[in-house]
Each structure stands twice: as C-alpha cells, then as structure tokens.
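In the numbering used here, the protein residues as written are 831 to 1737.
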C-alpha cells in the first residue's frame, strides 16, 4: 500500500518525538548525579574565593585605617607644632616690646625652653638667626653658635628646609636628624614647623619624630584588632608580627612577644619564614597552611590567610579562614542542591510526557497542512506555466548549462538577435557578443554566478545582421536540492534606445552650446585620462565691460569669433581647444613642450588676436592674458594660478613655476572658512578687553575691545583669520558679534570703550545702522568710541562722513587708530572730528632709541592739544617707554606695561 506524503509526515514526527523523549529521559537520569558533583565543586570553589576576598578586604581595610589614622595624627601634631611655635613666638615678641635683645630674651626663657619637651622628650625647640647661626637648641647645647648650613652640608633635605624657611618666613617640612635618647649614629625622619620673628630676625622651630607618631597609631590599631572578629561565626581574627618574627598581636596569648622564626606548622613548613619571603617579594599575598582552630587549639585545620606588609612599621598583618568552617556551611547548601536537581528531574520527565502528547497533536496538524499543500500544488504548477508564458512574451530569456552552452531561448531572444532557436542551441553566448564588449565584464560575470550569486548588468550585443543592441540582463543560477548549480537562466530587456539617448545626452553635457567646443567637464575628463600634458588658459581682458556696453548678444558673438580664430590659428591636431568659462578658453596638448605652447599663444596674441572684431558696425579690439602649466596632477589649478599671476603682474603670457604655489594657502583658506562658520555657530567669537591708562587721573578709564576666537580652549588672534574672513561674507558676521557683545559688556559699566571699525565696516550701511540702534537701545553713546584705521578712502567718502556726524551728535567719540604708520594727514583728523589720536606702536616702540621718533610724537601731541584732541600711545610695553611717553605730554597709554587684552575687565 502506497502512503501519501501527509501520512508519511505524521508517522515521521510521531516516531521522532518518541525516540527523542526516550533518549532525553535516559540522559536526564544519568547526568543528574554527575551534574550534582559539578555543582558542589563549583559551590565550594565559590565559597573559597568569596572568603579569600573577604579576608583580603578586611586586611586592606586595616591598612587604609592605618593610613587614615597616621594622616589624622600627622595633622593634629602639625597643628600642635604651629601652636607651640606661635606660643614661643608671642612670648618673645612681647619681650622685644620691653626693649630686650634676642640674646637677653633667649637667656631669660632658656630654662622654660629646656623643660618644654614632648613625645617622650624627643620633641624640642631650636632657634637660629637669619645668618643661620643656632642661638638655642633644646636637646644638644653643642650646636649653639654653630652655623646650621654647615650642619646641613651632607643633609640635602635639611638644606632645602632651611632655604624655604628663610625664603618664605614660615615653613612646614621634613628631614632626617639625630633623635634624643636613641642610637647616636642613626638619623630619623622628623617633621618641623618654623616661623620667623621679624623684629628679632630669628627663626623659632619645633619638631617631632615620625616614629613617635607611629607609636600612637600602633596603640590604637593594636587595641582595635585585639577585639575585632569577622566572618560567619566570627571565626576571622587578625595577627601582627614584625620582620624579626616577634608576634605582637594574636588571640593565642601564649604566642605574644615570642619569636616565630623557627615555628613549624603541622604540615611541615616554616610558616613565618615563608610569610616573610612572600611580603618582601610581593608586598602581599595568600598562603595555605595547617593551624590551630581559635575555638580549640587542640584541633588542627586547613587555613588560607592573606598577609600584607606594613612597610613604614616593618610589620606584617594577616588574617585567614578555616576550610572546615566552609564545609559546615556548605553541607546545607549541598542538600539544597541535590533536592533541587531531583525535583528538576521529575519535572523534566513530566515535561517529556507532555512533549510526546504535543508531538502527536503537531503531527496531526502538519499532516493536514501537507494534504492541503498537495491539493494546492497542482494550482501552483498551473500558475507557473502562466508566469513562464508572461516572461517569454516580455523578456529575452535563455538557459545554459553549467558550462555556458545554450539549451533554450524564447521567441523574444530570437527576434532581437536575429538567430533562430536551432542556430543558437548548443552554442555559447559568444554568438551574440559584441567584439567591443570588455572581457573583464564577462570574467566578473562568470566569477559571480559560479559562486551561486545573481548577476545584473547591461551587455552590449550584436545581432545576426551586425547591428548593435543593448540588453539589461539578470542571470540567476538554478540549484538542486543540495545547493549544486545545475544551470543558468538569463532574463533581459532590450534597452538599446535608452543607451543611445544617454550617449546623446552625455555628448550635450560635455559640449559648449555656444561654440560647439568641448566644455570644462570634457576637459577635466580628458586630462584625467591623458596625464603629462601642457594646459594653457586664455582669458579675455575686461570682457564684462564689453557685455555691459555692447550687450550679451554681442558678447556671445565675440566669443564665437574668438573660438574660431584660436581654432583656425592653431590648426594642429596635437592641440585640443575647449571653452571652460564665459571668457576663458583652454588649449591642451600632449605633444608640445611648455615653451612651444607659450610661444604659440604669444604669437596668436600679437597677430590674429590684435585684429578687430566687427560688432554692430563697431571695431572692437580685445587683449588677452594667458596662464600655462605642465606635467602636474593639479594641472588645471596650476594653470589658473599662472593666469592670476599674469593678471596681477600685467603680463600677457605666464608659465607656472613653484614660486606661485598657492595651493596650500588656498587649502588653509578653505579650512579657515569652515572653522569660522563653526566659531560663529558655536558662539566662539568673543571680545577681549585691553586697558587704557589715563596719565592725568592715574587710573584705568578706558578699554579697547579686541576680537578673539576661542577654539578647543585656545585663543586664536585675528591676524590668522581676518584676511580670509574679509574675502568672504563672514567678515560682517564677526563684526556684528563683536559689536553686540562689547556693548552688552559695557552697558552696566562706567568705563569708556572703543570698537575697531575698518573701511569695509564703515561702508556697510546695515552694520552701521545696527551699531547705532543697539547703542541707542543700551543708552551707551557717551561711553562708546568708534576706533577707525586712517585711510584716504574714508576721507573721500561722503557716506562715511555723514555716518560719523550722526554718531557724534549722540555723544559718541571718534579715535583714529595707527596714526603715523602710513597715510597720515592732519587735515583728515579735523574733517573726521576725531576726539583721540592713537599713535601707532611702530613709532612708540622706537621712541627710546631714536630721537627723531620722539620729535614726531611731540609734534603729534602739540597738534592734538591745539586741536582739542587727546593722544593715546600704543605698544607701551616697558617702564622706560612709559616714562618717555609720559614726558612728551601724551594723555593715555595702552600696552602690556598696563595690561594685556583679557576676557574680563580689571577688578
């Protein structure tokens, strides 16, 4: 009996579910005990690591506690030393007021000073004068009359302490010195506070030894550790022994103050020797050994301890835990794990039973679905035949075997290619491939489809009659059930008309419509494919004037005639002519040298180029400028630079050379434009304020507002970016920012302030109206000074004169900046109604060395006084310059001597 696919599917799922459930049940039972053992070991490891971390944490807590206590004790004793020194200081100061000499005062209080000791008689006073002579020493009278610098010859710390004390008059520091009642050959670290008594020209010093401080801390720590316990059951305790193996702290009192060096643990190791080796090599670490339990010294137990070196004390602190303690804790955990695992096993078996039931239900559901699929499969096959019919009637379809041999083509393929089906079956697609089709395209195609990937692209073919056609093709690899490619199906659409139209559009796009010559796009494309040529740019001089006077139609006619003239004059197949801009033509050659190109263009300019153009019955004679460049990847850019250089120097033809290389400058300009846009967007254009000092009132009464750019926390000065800003539309934006922020700053201040304005600013009507309105809104006209750089253009501008008068009527003042640096006209100062003349820094900085410069300044000052103007000297950078400027009668000074430009006003 033949079973249907739906029944086969049901039996397959049912048997698979039963088999899987049986195997899973056996596996669960077998591995529960094994898993239990693994979990127990993991739990034991976890508890050991947890307790190792606990004892380490407790020991490190004590180490930190020691550091904290030492710091607290250090601060307390530091304060005590200051108090003691100040006490003696005040006594001596009062005695000085009674007209006693320093020798008399020290002699008077010597007995009290001798008895005034601390820290087990190790703390004492000593006194020395400004020459370093010791006048008093609390513990060694032999030092009296000795020079403290001689005593400190071999003691660099003491030398530095004494020098700092004399320099600062008050000092707290440390150095090593001999300790009373201790080994006379050893020096000990000592903290000392010293303070100068100015009236007596002496220094009073009081000190304490570090080991005395440590004794206090040790007592506190030892008392705490004797009581401290931690961990489960409080089994954790601390012990401390020194590096001579003497036990200092331990719960077992029989061990106290005894040497542990030769103590051997039950497991045969010299424990404390091993600890000593461990801390000397690594400072801290863990150690395993057998030791008596704290609850019963009769019981020996495995123990893990963490030990740490207390370096300053030459001691070791340790703490540990017993493994038996962990096993007791783990016993309940083990039972819980076992109960949990077997409970899970029962749940798993129940889950398996449910899984079998669900598998049966699933098998029934799947078999019904397959039955439906079997019924609909016939419908799908019918639809597939219809899809094939649609594809055959709308696309060029072909099939090949794995080697590319054609096995099928549809009617559309035969119609477009001109080949009948029997002519192409058994052939490869080479039968229709166009000879110009790149081989690399087909290598890439085959590489992709052999990897099982779909390939899409446009293929240029040739039909049986030799005519070209383009096929937009998709090739799909067909695979069997194992994923092995068995054939390829190609489906394509005829796009010949679309390709031909695109070619026509490309031709239009790369051709100048007025002259029929190639345009800038085609030139750049040609250069990119043909390197190492010579490029010449030919520009018509003042062509805009021709357009403006004769009209654009006449201008277009001249351009067409000029193109024809150049083309006919060159008449050489080695040259290619382009129109790359309105009035700029380009000649490109691969076979001529740069000198030959320069000579050819010069000859054209001097012959045919001079002939007049007859436009509207008028003779128009043109002049030309040309830039030439060769053999460079930046050919177009360098030819353009040469053209600009020729225009600037009024040269007809100029070849590029390295001295013209402005590429980096252009690149930097572009970067600065980006940075300036970012600075404006992020509000990083800010004013800095440089003070201006009034010689008559001897006060800072004015400020000059100077532009700065803040970038990544750094201040950038205007010299780096203003030249670039003035070439763009960004410059007015910078001025707006400066004006607004400067007025806001001084709106609530009494000081006068000046804002720098260039010729461009003064000619900008919108900007000047903004300054006027914003000043009026903030009521600061009587405080604002418009600081203007002297210029002939300003004097000649009626608009600027009216603007200045408008501001003056409201109470604003005018300052002429950089006077004397270039164009200097005294009449000009009168016409601009100047209130201040700012004498240029280039003059002021030479005023000391050059008497003629001083005479120039004197003449400016005399003129200003007669004209009721005030003078301000810039670049006053030193006391000498300041003195000279002041002597010449200048009213104000500005420069580093009185303050640099800062983001805030002087307090």
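Glycine included, every Cβ here is placed at the ideal spot set by N, Cα and C.
In this text the structure is predicted, and so the values were computed from the model without any measurement.
On the DSSP bridge assignment, give the partners of residue 1138 in chain order. 1114 and 1147
Best match in 1012, 1044, 1508 and 1695 for proximity to residue 1142 [C-alpha to C-alpha]: 1044
Count the other C-beta atoms from every protein chain shown that fall within 10 angstroms of the C-beta of residue 1551, then say buried if there are 16 or more, exposed otherwise. buried
Where do the N-terminal and C-terminal ends of the alpha helix (DSSP H) with residue 1382 fall, by residue? 1382 to 1400
Where does the unbroken alpha helix (DSSP H) through residue 1249 begin, and where does it stop? Looking at the DSSP string, residue 1249 is not in any alpha helix (DSSP H), and its letter there is neither H nor E.
Residue closest to residue 1423, alpha-carbon to alpha-carbon, out of 1445, 1441, 1364 and 1464: 1364
Any beta strand (DSSP E) of 3 or more consecutive residues that is wholly inside the stretch 1272 to 1318: 1285 to 1292 and 1298 to 1309
Please work out which residues of its chain come closer than 7 Å, Cβ to Cβ, to residue 1725, disregarding the five sequence neighbours upstream and downstream, and give them in chain order. 1704, 1705, 1706 and 1707
My understanding is that residue 1052 touches residue 1076, with C-beta atoms under 8 Å, so please give their C-beta distance in whole angstroms. Not really, about 13 Å apart at Cβ, beyond 8 Å.
Could you tell me which whole beta strand (DSSP E) segments of length 3 or greater appear in the stretch 1563 to 1628? 1582 to 1587 and 1614 to 1619
Determine the closest residue to residue 1023 out of 1015, 1035 and 1017, with distance taken between C-alpha atoms. 1035
Might you give, ordered along the chain, the residues of its own chain that have their beta carbon closer than 6 Å to the beta carbon of residue 1406, omitting 5 neighbours on each side? 1418
As a quick exercise: from 1056, 1409 and 982, pick the residue whose alpha carbon is nearest that of residue 962. 982
Residue 1342 vs residue 1349 beta-carbon contact at 8 Å: yes
Take residue 1401 as the anchor and find which of 1431, 1382 and 1378 has the nearest alpha-carbon. 1431
Where does the unbroken beta strand (DSSP E) through residue 1006 begin, and where does it stop? 1000 to 1008
Endpoints, alpha helix (DSSP H) assigned at residue 937: 932 to 938
Could you compute how far the alpha carbon of residue 1701 sits from the alpha carbon of residue 1676? 17 Å
So, helix, strand or coil for residue 1739, using DSSP? Because residue 1739 is not part of the residues shown, which for the chain are 831 to 1737, the question remains open.
Could you give the first and the last residue of the continuous beta strand (DSSP E) run that contains residue 1484? 1483 to 1485
List, from N- to C-terminal side, the beta strand (DSSP E) runs of 3 residues or more that fit wholly inside the stretch 905 to 973. 955 to 959 and 964 to 967
Ordered along the chain, which non-local residues of its own chain (more than five positions away) have a Cβ less than 6 Å from that of residue 1309? 1315
Would you say the stretch 993 to 1000 touches the stretch 868 to 886, given that touching needs at least three Cβ pairs under 8 Å? no
Nearest candidate by alpha-carbon position, reference residue 1637, set 1648, 1649, 1665 and 1619: 1665
Could you tell me which residues DSSP puts in a beta bridge with residue 1703? 1669 and 1723
Simplified DSSP assignment, three categories, for residue 1102: helix
Taking 8 Å as the cut-off, does the stretch 1451 to 1459 touch the stretch 1366 to 1378 (at least 3 CB pairs, one atom from each stretch)? yes
According to DSSP, is residue 776 helix, strand or coil? Residue coverage of the chain in this structure runs from 831 to 1737, which leaves residue 776 outside it and unanswerable.
DSSP beta-bridge partners for residue 1548? Residue 1548 is not bridged to any residue.
Less than 6 Å between C-beta atoms, sequence neighbours within five positions excluded: which residues of the same chain meet that for residue 1284? 1306
Three-state secondary structure (DSSP) of residue 838: helix
Excluding the 5 residues preceding and the 5 following residue 822 in the sequence, name in chain order all residues of the same chain whose CB lies nearer than 7 Å to its CB. Given a span of 831 to 1737 for the chain in the structure shown, any question on residue 822 remains unanswerable.
Out of 1068, 1591, 1093 and 1098, which has the shortest C-alpha to C-alpha gap to residue 1145? 1068
According to DSSP, is residue 1677 helix, strand or coil? coil
So, are the CB atoms of residue 1243 and residue 1258 less than 8 Å apart? no
Using the Cβ count rule (16 or more neighbours within 10 Å means buried), how would you classify residue 1181? exposed
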